[in-house]
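Quick note on numbering: UniProt numbering labels position 336 of the sequence shown as 336, and the sequence is numbered without any gaps.
Glycine included, each C-beta is placed from N, C-alpha and C at the ideal position.
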Amino acid sequence: MLGYEYIFPTPAEYEVVRQQLETAGFTAWLMPILLLINVYVYRSLKATFASISISISPKKGPSSSRLQILARRIHWNLTQPLNQTLGPPSRLLAAFAYLFYLVYIAQADTGKSYLHLTKSLGHVAVSQLPWHYLLAIKSPNSPITIATGLTHERLNAWHRILGRIIAVLAFGHAALYLKFFVDMGVLKKRLGDWEPRLGLAAVVTMAGLVVGSLAVVRRKSYYRGFYVGHVLMSAALVVELWLHMRWTRRYVAQMGAWWVVNAVLRARQVKAVEASVIEEASDADGLIVLKLGSKDAVIDTWIPGQHVYIRLADGVIGSTVGRKNPFTIADVSKDATQLTLVARKLAGTTAMLKNCHNKAILLEGPYGEAAEYMPSLIKAGKSAGLITLYAAGVGATYILPIYLALLKARGDTVDLRMKWFVKTPADAVWGVDLLRRAEKRVFVSLFLTRAQSGWRGKYKFDVPGLVVHDEREERGSVRRISSMQRSDKEVTVMVCGPPGFSAQLRAEIGRYVKFGTRVVWYEEEFGFGG
């Protein structure tokens, strides 16, 4: 096959092959370390030069050059998601480049030996699994987070990509071995041995992990299906590979270590608090606001827009592992003794909390990218320039707390606006209530897409600065609501909503990037954390 032959080495030759396999695995394992070192050095140098340039206080330069505008267009297009599964072209290019590198390492020094190539693909695949497990760690103290500055939410995409690359190599390893068994007429005999059985079990487990990570699966059954299944299968894979082949155990041991570290770090993120008040918007369709009493001063550093996971304690931490939902942090009181959280009333934890008063619950977190950009935006105040926030449906549970935090920091609505799409007025009641509590004039446009006639007499959206649009009457469009003046000034855009809404909005905003507008884009994929 493709110039490869069945070559059966002598004991002396087999020792040479084993050493070459060790070298290939170690070389592949080493590459992420070199990449992380380079990224860390680059970030450090960039931060140093940035601080120097600020201290020099250069004069304002002219408008953007054609080269700068071209660079923005290229960057925008490379980061434009193709779809929810594939992600942006930049990520795909990096994935194919890394896959090519691993395949090259696997086939190097194999000569024409079919069996050598087959073993090498499996060895290189296993060498990447420690990095795959390390990418799954949610803690901000993860070595990869420290080196890259990327949060778990960003790293999670690379976690999935590396998992699929590993699966390709592992599937190739299994397919080539099965072909060999068939050609030798020993398929039935070999499948009766434990080593091939465990190898096939590991491949099946990998296939389950890959299928479970698909967006369509996560959307349908995340909290009860994907999360629990992923945790259990990732643990099973460690056991299967440990028993499958002793020569790769150095990597399997690292997998197991990172699995345990991740579990320990997540357990340490859990805080027990008492639910003191639960408020529910009476007309809201599936939305509640929680207030939790807590004397933990750590929450003083929590940021609106981050999210926490909630479990009912039931006397034992972890006893409700399958019933966790994300709640967005809406506000932290000045004395850091009270949290205001927002969540959608899903089946499970949130439904139970509806009737929970003065009972112990468990908070895990906080998590989310808001911790990366919100402190600087809050500190910058109005000097951060124009900020526009877009939300669709329940995506407002992420966007609205951020808008209120920015409004509080800036003091008024100058260059700060929010646009929110919901189906019916009832879907927006909880959000209007939060806006009303801000006791400030807002700049919020609320678009109703399926409002029934006569709703204006039933709902009172009497918040200064809140403008309600009935899309059935006005026939609005994403193009209309995303319009802005062409400018060389930086514009910050924050989005949270269904993939189709975000894609359409990004396409419209991209028109301004083509003409030189500097757009900083933040998008939250709501509901797929964990």
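Between Thr413, Val414, Ala392, Leu434, which has its C-alpha nearest Val422's C-alpha? Working through the sequence shown from its first residue, we reach residue 422 at position 422. Of the candidates Thr413, Val414, Ala392, Leu434, the one whose C-alpha sits nearest the C-alpha of Val422 is Ala392.
How many Å lie between Ser90 and Glu524 at the Cα? Position 90 of the sequence shown, counted from the start, is the residue given in the question as residue 90. Position 524 of the sequence shown, counted from the start, is the residue given in the question as residue 524. About 18 Å.
Would the beta-carbon of Val270 fall within 8 Å of that of Leu362? Here residue 270 refers to the residue found at position 270 of the sequence shown. Here residue 362 refers to the residue found at position 362 of the sequence shown. Yes, the Cβ-Cβ distance between Val270 and Leu362 is below 8 Å.
Taking 7 Å as the limit between beta carbons, can you name the residues of its chain near Thr110, skipping five residues before and five after? Here residue 110 refers to the residue found at position 110 of the sequence shown. These residues qualify, in order along the chain: His116, Leu117, Ser120.
Going by alpha carbons, who is nearest to Arg43 out of Leu92, Leu150, Ala12, Val124? In the sequence shown, counting from the first residue as 1, residue 43 sits at position 43. With distances taken between Cα atoms, Arg43 lies closest to Leu150.
Give the DSSP-derived three-state secondary structure of Phe181 in the structure shown. Residue mapping note: residue 181 aligns to position 181 of the sequence shown, counting from 1. Phe181 falls in the helix class under three-state DSSP.
Thinking Trp29 and Ser127 are a contact (beta carbons under 8 Å), I'd like their distance in whole angstroms, please. Within the sequence shown, numbered from 1, the residue matching residue 29 stands at position 29. Within the sequence shown, numbered from 1, the residue matching residue 127 stands at position 127. That belief holds up - the Cβ atoms of Trp29 and Ser127 are roughly 4 Å apart, short of 8 Å.
Suppose the cutoff is 7 Å on Cβ atoms and the five residues either side in sequence are ignored; what does the same chain contact list for Val16 look like? Residue mapping note: residue 16 aligns to position 16 of the sequence shown, counting from 1. Taken in chain order, the list of residues that qualify is empty.
Please return the same chain residues whose Cβ sits closer than 8 Å to the Cβ of Gln20, not counting the five positions on each side in sequence. Here residue 20 refers to the residue found at position 20 when the sequence shown is read from its first residue. So the list reads Asp109, Thr110, His116, Ser120, once near-sequence residues are dropped.
Does the beta-carbon distance from His152 to Tyr367 come in below 8 Å? Here the question's residue 152 lines up with position 152 in the sequence shown. Here the question's residue 367 lines up with position 367 in the sequence shown. Contact: yes.
Can you tell me where the beta strand (DSSP E) with Leu448 in it begins and where it stops? Numbered from its first residue, the sequence shown carries residue 448 at position 448. Per DSSP, Leu448 belongs to the beta strand (DSSP E) from 444-448.
Output yes or no for whether 8 Å exceeds the beta carbon distance between Val251 and Tyr114. Position 251 of the sequence shown holds residue 251. Position 114 of the sequence shown holds residue 114. In the sequence under discussion, the amino acid at residue 251 is Tyr, which differs from the Val named in the question. No, the Cβ-Cβ distance between Tyr251 and Tyr114 is not below 8 Å.
From His307, Lys382, Arg456, residue whose alpha carbon lies closest to that of Leu400: For this step, residue 400 is matched to residue 400 along the sequence shown. Answer by Cα proximity: His307.
Three-state secondary structure assigned by DSSP to Val332: As a working mapping, residue 332 is identified with position 332 in the sequence shown. Of the three classes helix, strand and coil, the one that applies to Val332 here is strand, per DSSP.
Taking the Cβ atom as the reference point for each residue, do Val491 and Gly385 lie within a distance shorter than 8 Å? The residue you call residue 491 lines up with position 491 of the sequence shown. The residue you call residue 385 lines up with position 385 of the sequence shown. It is a contact, given that the beta carbons lie within the stated cut-off.
Looking at Ala391 and the ligand GDP, is the gap between the Cβ and the nearest heavy atom below 7 Å? Among the components modelled here there is no ligand, and therefore nothing to report on the ligand GDP.
With burial defined as no fewer than 16 other Cβ atoms inside 10 Å of the residue's Cβ, what is the status of Ser319: buried or exposed? The count along the sequence shown starts at 1 and reaches residue 319 at position 319. Confidence at Ser319 is low in this model, with a pLDDT of 40, below 50, so the placement of that residue should be treated as unreliable; the coordinate-derived value is given next. Ser319 should be labelled exposed.
Residue(s) in a DSSP beta bridge with Met31: Start at 1 with the first residue of the sequence shown, and residue 31 comes out as number 31. According to DSSP, Met31 bridges with nothing at all.
Starting from Gly365, follow the beta strand (DSSP E) in both directions and report where the run begins and ends. Start at 1 with the first residue of the sequence shown, and residue 365 comes out as number 365. From DSSP, the beta strand (DSSP E) with Gly365 extends over 360-367.
Jot down the residue ranges of each uninterrupted alpha helix (DSSP H) in the stretch 76-118, minimum 4 residues, whole runs only, in chain order. 89-107
Check whether the Cβ atoms of Trp430 and Leu446 sit closer than 8 Å, and answer yes or no. As a first step, residue 430 must be located in the sequence shown, where it is residue number 430. As a first step, residue 446 must be located in the sequence shown, where it is residue number 446. Cβ distance not < 8 Å, so Trp430 and Leu446 don't count as in contact.
Chain-order list of residues whose beta-carbon lies under 6 Å from that of Cys496 (same chain, five-residue window excluded): The residue labelled residue 496 in the question sits at position 496 within the sequence shown. Around Cys496: Ala391, Gly395, Tyr398, Ile399, Glu524, Phe526.
How about the stretch 247-261 and the stretch 208-218: do they share at least three Cβ pairs that are nearer than 8 Å? no
Cα-Cα separation between Ala97 and Leu241, rounded to whole angstroms: In the sequence shown, the residue the question calls residue 97 occupies position 97. In the sequence shown, the residue the question calls residue 241 occupies position 241. Using only the alpha carbons, I get a separation of about 26 Å.
Check each candidate in Leu341, Gly516, Tyr522, Thr328 and name the one with the smallest Cα separation from Leu70. Taking the sequence shown and counting its residues from 1, the one referred to as residue 70 is at position 70. Out of Leu341, Gly516, Tyr522, Thr328, Gly516 has the C-alpha closest to the C-alpha of Leu70.
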